[in-house]
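Numbering of the sequence shown is given in the numbering used here, commencing with residue 5 and proceeding in unit increments. In this text, a Cβ means the ideal position worked out from N, Cα and C, and glycines have one as well. Bear in mind the structure is a predicted one, so any value in this text is a computation, not a measurement. Following: one structure in structure tokens, then a few remarks.
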Amino acid sequence: MGEEGTEGTVHLLCLAASSGVPLFCRSSRGGAPARQQLPFSVIGSLNGVHMFGQNLEVQLSSARTEDTTVVWKSFHDSITLIVLSSEEGTSELRLERLLQMVFGAMVLLVGLEELTNISNVERLKKELRACYRLIDSFLGDSELIGDLTQCVDCVVPPEGSLFQEALSGFAEAAGTAFASLLVAGRVVTATESWWRLGTPEAVLLPWLVGSLPPQAARDYPVYLPHGSPTVPHRLLTLTLLPGLELCLLCGPRPPLGQLDPQVNSGRVPLPPITPSTRVSRPSSLLPSRPSALCSVPPRAAPPLSGCAPTTLTPGGLLFRSFAVRPGLAPSSVPLPSALVGPYPPRWPRPGPLTLPWPSPRPRPWQLLDRWWQPTLDSLRACLPLGPRALPAGFPLHTDILGLLLLHLELKRCLFTVEPSGDKDPSPGQRRCLLRSFYALVTAMHFSPEPGQQEEKAEDTAQQAQVPRACYLVSGTEEPGTGWRLVALQLGPRRLLLLLSAQSPCHGLRSLATRTLQALTPLL
Numbered sequence: 005m006g007e008e009g010t011e012g013t014v015h016l017l018c019l020a021a022s023s024g025v026p027l028f029c030r031s032s033r034g035g036a037p038a039r040q041q042l043p044f045s046v047i048g049s050l051n052g053v054h055m056f057g058q059n060l061e062v063q064l065s066s067a068r069t070e071d072t073t074v075v076w077k078s079f080h081d082s083i084t085l086i087v088l089s090s091e092e093g094t095s096e097l098r099l100e101r102l103l104q105m106v107f108g109a110m111v112l113l114v115g116l117e118e119l120t121n122i123s124n125v126e127r128l129k130k131e132l133r134a135c136y137r138l139i140d141s142f143l144g145d146s147e148l149i150g151d152l153t154q155c156v157d158c159v160v161p162p163e164g165s166l167f168q169e170a171l172s173g174f175a176e177a178a179g180t181a182f183a184s185l186l187v188a189g190r191v192v193t194a195t196e197s198w199w200r201l202g203t204p205e206a207v208l209l210p211w212l213v214g215s216l217p218p219q220a221a222r223d224y225p226v227y228l229p230h231g232s233p234t235v236p237h238r239l240l241t242l243t244l245l246p247g248l249e250l251c252l253l254c255g256p257r258p259p260l261g262q263l264d265p266q267v268n269s270g271r272v273p274l275p276p277i278t279p280s281t282r283v284s285r286p287s288s289l290l291p292s293r294p295s296a297l298c299s300v301p302p303r304a305a306p307p308l309s310g311c312a313p314t315t316l317t318p319g320g321l322l323f324r325s326f327a328v329r330p331g332l333a334p335s336s337v338p339l340p341s342a343l344v345g346p347y348p349p350r351w352p353r354p355g356p357l358t359l360p361w362p363s364p365r366p367r368p369w370q371l372l373d374r375w376w377q378p379t380l381d382s383l384r385a386c387l388p389l390g391p392r393a394l395p396a397g398f399p400l401h402t403d404i405l406g407l408l409l410l411h412l413e414l415k416r417c418l419f420t421v422e423p424s425g426d427k428d429p430s431p432g433q434r435r436c437l438l439r440s441f442y443a444l445v446t447a448m449h450f451s452p453e454p455g456q457q458e459e460k461a462e463d464t465a466q467q468a469q470v471p472r473a474c475y476l477v478s479g480t481e482e483p484g485t486g487w488r489l490v491a492l493q494l495g496p497r498r499l500l501l502l503l504s505a506q507s508p509c510h511g512l513r514s515l516a517t518r519t520l521q522a523l524t525p526l527l
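Put into structure tokens, the structure is as follows:
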């Protein structure tokens with residue numbers, strides 16, 4: 005079994021299905037974004053062979069050469085995605101789910117209507133630029149695994165009931181039923197309505213927040229690929245601590261000004277802001293100009309296009325960023341009421357603004373201070389949970405180098421490669437080994453996940469022979485070398501373990517069973 009992602013290049017192509025016009029091309033090499041682009045002749049050939057098969061009523065889904073795997077997939081007869089990977093050990097399952105996540109990201113930020121009814125290709129190209137950062141995170145080496153498992157990456161906090169109570173009270177006071185607490189793109193706790201979100205958006209929303217640059221607060225319009233693909237909602241994020249963010253999914257209310265992202269007492273630290281604060285202004289806000297950033301001095305006027313300052317601090321200004329979806333008129337965007345001043349009649353030129361600073365409006369109460377200040381010490385204890393996922397001191401066998409636990413009905417997972425971090429292989433290699441092993445056992449050994457629609461149904465006799473456990477030895481066959489990988493499925497839970505070479509093969513299933521029993525109360 006090769007180590008997925010160790011070397012090689014991944015190219016992702018997006019084309020309009022009807023015309024074959026390329027909409028974008030993204031590439032990564034060695035897990036890092038690359039500027040390498042495929043020649044237009046190669047893009048045309050890949051799309052041409054796919055269209056040729058469609059004309060003959062033949063569905064071309066994948067192809068493999070000596071060193072490259074190619075996967076095609078069409079969505080709504082409007083968008084065609086093609087991915088080419090020369091990474092060692094890349095599976096077709098991983099590439100197919102990559103394309104599903106990429107299209108979900110496009111719907112999340114652009115909307116299904118714009119993708120299915122393409123009236124202006126050039127405008128759609130500009131709109132899709134908002135998806136580049138999120139799509140590039142799928143192509144790179146991520147510490148998350150939800151893009152492959154289609155389950156939400158979670159962590160187990162030491163005081164889960166305390167956070168659940170605070171989150172439920174805060175969400176009720178804010179007037180929304182959809183709220184979650186995230187650390188490094190993983191869900192610490194969430195409301196019941198948030199957990200009921202469909203599979204694409206439940207994975208994409210935390211991933212989106214984790215891919216964005218740090219900011220004190222955001223008011224971001226998003227579509228829900230499963231629940232609301234044509235009507236946007238507001239995604240509000242508030243930074244409690246660096247790396248720990250509170251997310252709300254809501255409609256026109258509450259206004260962002262009511263959810264103050266900075267506790268006035270200063271007891272909750274926020275990411276440092278320099279005096280020359282650079283305000284993120286998407287290129288869609290200035291359709292006739294390529295500039296996407298503008299510098300705002302400390303005595304600037306209220307930032308236009310949805311950037312409203314929270315307060316003036318000695319270190320500079322903290323801004324709430326609001327991204328307007330390309331192609332929408334300003335009047336059709338659900339702007340937060342925290343904006344100060346009238347909406348500009350025309351798009352301004354980027355640069356310093358010199359209008360007088362308005363007086364701040366009084367706020368009735370500070371929701372963050374009321375619900376989260378008492379949990380500040382517990383919140384700090386959650387920060388190391390990002391890569392570790394499990395509480396400190398949780399008993400694990402010393403041979404365990406990494407684990408992946410999935411609850412296939414709840415669509416949640418725990419993923420960590422932190423146990424025994426001082427041993428070989430490196431954390432990056434451990435993630436590659438577990439990802440490759442998951443793709444192998446899912447495609448070949450275990451039954452499909454509940455809720456996943458399979459094109460090929462199996463008869464009852466074949467389903468009765470589905471294995472419940474399997475293992476694999478990676479590396480040389482010499483005793484005491486290589487690594488052991490074992491997978492075990494009991495009910496809705498599936499556990500994958502990466503073990504050191506010292507673990508005997510005859511004891512792998514027993515060790516996996518004891519570990520799954522210990523982890524069952526957590527997920």
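query = If you drop the 5 nearest sequence neighbours on each side, which residues of the same chain put their C-beta closer than 7 Å to that of E117?
reply = Locating residue 117 in the sequence shown gives position 113, where the first residue counts as 1. So the list reads T234, once near-sequence residues are dropped.
ask   = Hey, quick one: how far does the alpha helix (DSSP H) through T420 stretch, first residue to last?
value = What you label residue 420 is simply residue 416 of the sequence shown in a count that begins at 1. Premise fails: T420 lies in the beta strand (DSSP E), 416 to 420, not in any alpha helix (DSSP H).
message = With a threshold of 7 Å between beta-carbons, can L240 be considered close to chain C, or not?
response = Within the model displayed, chain C is absent; a lone protein chain is all it includes.
Boundaries (first-last residue) of the alpha helix (DSSP H) holding L27 = Here residue 27 is taken as the residue at index 23 of the sequence shown, counted from 1. Not the alpha helix (DSSP H): L27 falls in the beta strand (DSSP E), residues 26 to 33.
inquiry  = Going by the DSSP bridge assignment, what does M190 pair with across the sheet?
reply    = As a first step, residue 190 is located in the sequence shown; it is residue number 186 there, counting from the start. Per the sequence presented here, residue 190 reads as Arg, with Met not at that position. By DSSP's assignment, R190 forms a beta bridge with V187.
task = Quick one: using the 10 Å Cβ neighbour count with 16 as the cut-off for buried, is Q219 buried or exposed?
result = Position 215 of the sequence shown, counted from the start, is the residue given in the question as residue 219. Classification for Q219: buried.
ask   = DSSP on Q521, reduced to helix/strand/coil?
value = Translated into positions along the sequence shown, residue 521 becomes position 517. Residue state, collapsed to three classes: helix.
task = Could you check the C-alpha separation between L523 and P423 for me, to the nearest Å?
result = Walking along the sequence shown from the start, residue 523 turns up at place 519. Walking along the sequence shown from the start, residue 423 turns up at place 419. Approximately 14 Å, taken between the alpha carbons.
query = Are A170 and T485 close, meaning C-beta to C-beta below 7 Å?
reply = Taking the sequence shown and counting its residues from 1, the one referred to as residue 170 is at position 166. Taking the sequence shown and counting its residues from 1, the one referred to as residue 485 is at position 481. Contact: no.
task = Could you check the C-alpha separation between D381 and P162 for me, to the nearest Å?
result = Taking the first residue of the sequence shown as position 1, residue 381 is located at position 377. Taking the first residue of the sequence shown as position 1, residue 162 is located at position 158. Each residue's alpha carbon lies about 12 Å from the other.
Contact under 7 Å by Cβ, P236 with A178 = Walking along the sequence shown from the start, residue 236 turns up at place 232. Walking along the sequence shown from the start, residue 178 turns up at place 174. No, they are not a contact pair.
Beta carbon of L492 nearer than 7 Å to that of L437 = The count along the sequence shown starts at 1 and reaches residue 492 at position 488. The count along the sequence shown starts at 1 and reaches residue 437 at position 433. Contact: no.
task = May I have the straight-line CA-CA distance separating L64 from C158, to the nearest angstrom?
result = Reading the sequence shown from its first residue, position 60 is the one you call residue 64. Reading the sequence shown from its first residue, position 154 is the one you call residue 158. Distance between the alpha carbons of L64 and C158 is about 36 Å.
request  = Assign E205 to buried or exposed, taking buried as 16 or more other Cβ atoms, counted over all protein chains shown, within 10 Å of its Cβ.
outcome  = Your numbering for residue 205 matches position 201 in the sequence shown. By the Cβ-count criterion, E205 is buried, with 16 or more other Cβ atoms from all chains shown falling within 10 Å of its own Cβ.
Sequence-distant residues of its chain with Cβ nearer than 6 Å to H15 (five each side left out) = Residue mapping note: residue 15 aligns to position 11 of the sequence shown, counting from 1. Excluding positions up to five away in sequence, the list reads S31, L42, L88.
message = Using C-beta distances below 6 Å, list every residue in its chain close to G397, excluding the 5 sequence neighbours before and after it, in chain order.
response = In the sequence shown, the residue the question calls residue 397 occupies position 393. For G397, where only same-chain residues beyond five positions count, there are no Cβ hits under 6 Å.
query = Is T243 buried or exposed, if buried means 16 or more other CB atoms sit within 10 Å of its CB?
reply = Sequence index remark: in the sequence shown, residue 243 carries index 239 (1-based). Buried, because 16 or more other Cβ atoms sit within 10 Å of the Cβ of T243.
ask   = Based on the DSSP secondary-structure assignment, which residues constitute the bridge partners of K130?
value = Taking the sequence shown and counting its residues from 1, one reaches residue 130 at position 126. Answer is none; K130 lacks a bridge partner.
task = Measure from the alpha carbon of P395 to the alpha carbon of each residue in A221, Q58, L412, L527, then state which is nearest.
result = In the sequence shown, counting from the first residue as 1, residue 395 sits at position 391. Cα-wise, what sits closest to P395 is L527.
request  = State the CB to CB distance for the pair L252 and A183, rounded to an integer number of angstroms; the pair is presumed to be in contact (CB under 8 Å).
outcome  = As a working note, residue 252 is residue 248 in the sequence shown. As a working note, residue 183 is residue 179 in the sequence shown. The distance from the Cβ of L252 to that of A183 is about 5 Å, consistent with a contact at the 8 Å cut-off.
query = Among the residues of its own chain, which have a CB less than 6 Å from the CB of V114, if the five just before and after it don't count?
reply = Taking the sequence shown and counting its residues from 1, the one referred to as residue 114 is at position 110. Answer for V114: E131, listed in chain order.
query = Rounded to a whole number of angstroms, what is the C-alpha to C-alpha distance between T358 and F44?
reply = Numbered from 1 along the sequence shown, position 354 holds the residue referred to as residue 358. Numbered from 1 along the sequence shown, position 40 holds the residue referred to as residue 44. Low local confidence applies: a pLDDT of 35 at T358 is under 50, so the model's placement there is unreliable, with the coordinate-based value given in what follows. Roughly 47 Å separates the two Cα atoms.
ask   = If we call anything under 7 Å between Cβ atoms a contact, is T203 one with K415?
value = By one-based count along the sequence shown, residue 203 stands at place 199. By one-based count along the sequence shown, residue 415 stands at place 411. Result yes, Cβ atoms of T203 and K415 sit closer than 7 Å.
key: Alpha-carbon spacing of G261 relative to S95, whole angstroms   = Position 257 of the sequence shown, counted from the first residue, corresponds to residue 261. Position 91 of the sequence shown, counted from the first residue, corresponds to residue 95. The straight-line gap from Cα to Cα measures roughly 47 Å.
inquiry  = With DSSP as the reference, identify every bridge partner of G406, one or two as the case may be.
reply    = As a working mapping, residue 406 is identified with position 402 in the sequence shown. Answer is L502, bridged to G406.
ask   = CA-CA distance, Q506 and R518?
value = Translated into positions along the sequence shown, residue 506 becomes position 502. Translated into positions along the sequence shown, residue 518 becomes position 514. Cα-Cα distance, rounded: 18 Å.
query = To which residues of the same chain is T69 closer than 8 Å at the C-beta, ignoring the five residues directly before and after it?
reply = Here residue 69 refers to the residue found at position 65 when the sequence shown is read from its first residue. The answer is none, since no qualifying residue turns up.
request  = Below 6 Å CB to CB, which residues in the same chain sit around P431 once its five sequence neighbours on both sides are set aside?
outcome  = Residue mapping note: residue 431 aligns to position 427 of the sequence shown, counting from 1. The answer, listed in chain order, is V421.
ask   = Quick one: what's got a C-beta closer than 7 Å to A21's C-beta in the same chain, skipping five residues either side?
value = Translated into positions along the sequence shown, residue 21 becomes position 17. Correct list, in chain order: S78, D81, S82, I83, T84.
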